[in-house]
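Peer 1:
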Amino acid sequence: MKISDEKTLLELQEEFNGKFPYLKIEFYKKAHGVNESSRKKDQLDLSKTIGEVRTIHIEGDLSTDGHQKVSTLERHFLDNYGLSAQVFRKSGNIWLQTSATDNWTLADQNRKGAEDAGKKF
3 MKISDEKTLL ELQEEFNGKF PYLKIEFYKK AHGVNESSRK KDQLDLSKTI GEVRTIHIEG
63 DLSTDGHQKV STLERHFLDN YGLSAQVFRK SGNIWLQTSA TDNWTLADQN RKGAEDAGKK
123 F
């Protein structure tokens, strides 16, 4: 995923969801640790540009390989681009923060979301 100041958080979220249809990313004002959840009140408005909310203004490509752990992806967002991100997984009609399963890969999370939706993946 291309990270640049001009792109909105919504565009970044949609790009990620296009690759992992049963996952989504939300962005927050404050960072969280591994296996910690983020508070709803700290969630950022998706209409904001990346440049408006991040602390490290470097453009680049962020790998979203399916073999990557959720915790690794979230750490890369924070360390490389100054963005506090939290991955969510679809479970029925709700989105769950993956904080308890941060050690799962993105592919495993997406597969679990598909199973919960009754889809073969």
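The opening position of the sequence shown corresponds to residue 3 in the numbering used here, with each subsequent residue numbered one higher.
All C-beta atoms in this analysis are idealised placements derived from N, C-alpha and C, irrespective of residue type, glycine included.
Nothing here was measured: the structure is a model prediction, and the numbers come from that model.
1) Please determine, among 19, 26, 87, the residue with the shortest C-alpha to C-alpha distance to residue 41.
2) Does residue 77 come out as helix, strand or coil in the three-state DSSP assignment?
3) I'd like the list of long-range same chain contacts for residue 80, defined as Cβ closer than 8 Å, with 5 residues on each side in sequence excluded.
4) Restricting to Cα atoms, I'd like to know which of 51, 44, 100, 30 is closest to residue 37.
5) Within the continuous alpha helix (DSSP H) that includes residue 21, where are the two ends?
6) Name, in chain order, the residues that DSSP records as bridge partners for residue 93.
7) If we count the other Cβ atoms within 10 Å of its Cβ and call it buried at 16 or more, is residue 76 buried or exposed?
8) Assuming residue 48 and residue 10 are in contact, meaning their beta carbons sit under 8 Å apart, how far apart are those beta carbons, in whole angstroms?
9) Are residue 31 and residue 97 closer than 9 Å when you measure CB to CB?
10) Between which two residues does the alpha helix (DSSP H) harbouring residue 54 extend?
Peer 2: Straight from the coordinates:
1) 87
2) helix
3) 33, 86, 87
4) 100
5) 11-21
6) 96
7) buried
8) 7 Å
9) no
10) 52-55
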